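The sequence shown begins at 0 in numbering that gives the first Met the number 0 and counts up by one. Note that CB positions come from ideal geometry on N, CA and C, so glycine has one too. Quick caveat, the model's predicted, so the values are computed rather than measured.
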Amino acid sequence: MTHIKLIATDVDGTFLNSQRHYNQSRFHEQLDRLHAAGIHFVIASGNSLGHLHDVFAPTPAIKTFVAENGGLITSGDQTLFEDAIPTPVVHEIVRTILADDTLRPQVLRLSGAHGTYINRADQTNDPASQAYFFNNIVLVDDLTQVDDTFYKVNGEWPNESIQALAAKINDRFPTEIHATASGFGSIDIIPPHMNKAIGLHQLADSWGIKPAEIAAFGDNDNDQEMLAHVGLGVAMSNGTDTVKQVADLITKTDNDHDGVLDVIDAILAGEV
């Protein structure tokens, strides 16, 4: 197959295990080998940039992040690309979701350039999880009064069929946004033309790398476009059926047993 020049990976359910850790010693050795082979390594996640910096603080050699499902791409201290949902659309989404009992989530968040905004009353819903995923929480009394650059709206429906709910949200806003399941009962609402594939393509194109020269890893619905776009799309064995359907390869081991790192070793050995 075409020589891989860039590897991109999702984080939760993919690169991280169930305890939200990764095999640092093994991965650091792989990073040295990737660098020697001229292969870029990139994080591609629906999470906020601040959270990703925290997660990968033990590995400062990781410099490039495709955050917010492609809506914010940075390398070092430089912002390479940025896309946002217009503020009036964000406010209308909030009003619509909160007014409909069939759509109302356990918690709703706005991911902005200057904070992750949550209604003050919702902060009591699973505060430990919120503290882990969001290091820049701003409590407000009314989400429709917040003014910022918004990369996504995120909600949690842990006891519902999030695929069906995402489809319902998309039906309500057919041209303004794209809602996609992102794991753990969560839905990300992002710009209609944006996804990880678009963000990763922008980054790779700026580096002169073709889609066929990219390998990407993912486990959930918001990884589908990315895996379908690249030369080697790798779905986790613990991933959803929908993401496995678009993959070129499914890992032999899951995220709790270094599934991503096993495939990286195979890439470095020229076995895939």
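Exercise. Is Tyr131 buried or exposed, if buried means 16 or more other CB atoms sit within 10 Å of its CB?
Worked result: Under this definition Tyr131 is an exposed residue.
Exercise. Cα separation between Gly111 and Phe64?
Worked result: 16 angstroms
Problem set entry | Beta-carbon proximity check, Glu67 vs Lys151, cutoff 8 angstroms | yes
For this session: May I ask you to report which of helix, strand or coil DSSP gives Thr86?
Result: Note: Thr86 maps to helix in three-state DSSP.
Problem set entry | Coarse secondary structure for Asp187, derived from DSSP in three states | strand
Exercise. Are there 16 or more other CB atoms within 10 angstroms of the CB of Asp257, so buried, or fewer, so exposed?
Worked result: buried
Exercise. Hey, out of Leu248, Ile176, Met193, Gly232, whose CA is closest to Val88's CA?
Worked result: Ile176
For this session: Could you spell out the range, first to last residue, of the alpha helix (DSSP H) harbouring Gly198?
Result: Unbroken alpha helix (DSSP H) run through Gly198: 195 to 205.
Exercise. Quick one: Cα of Leu71 to Cα of Ile263, how far?
Worked result: 25 angstroms
Exercise. Could you give the distance in angstroms between the alpha-carbon of Pro191 and the alpha-carbon of Lys251?
Worked result: 34 angstroms
Exercise. Does the beta-carbon distance from Gly154 to Leu107 come in below 8 angstroms?
Worked result: yes
Exercise. Hey, would you say Thr13 sits closer than 8 angstroms to Asn254, going by beta carbons?
Worked result: yes
Problem set entry | Inter-stretch contact at 8 angstroms, needing at least 3 Cβ pairs: the region 155 to 162 / the region 182 to 189 | yes
Problem set entry | Buried/exposed call for Glu284, threshold 16 Cβ in 10 Å | The displayed coordinates of the chain run from 0 to 271. Any statement about residue 284 would go beyond what the structure contains.
Exercise. Between Gly207 and Phe216, what straight-line distance do the alpha-carbon atoms span, to the nearest angstrom?
Worked result: 21 angstroms
Problem set entry | Asp187 burial status per 10 Å Cβ neighbour count (16 or more: buried) | buried
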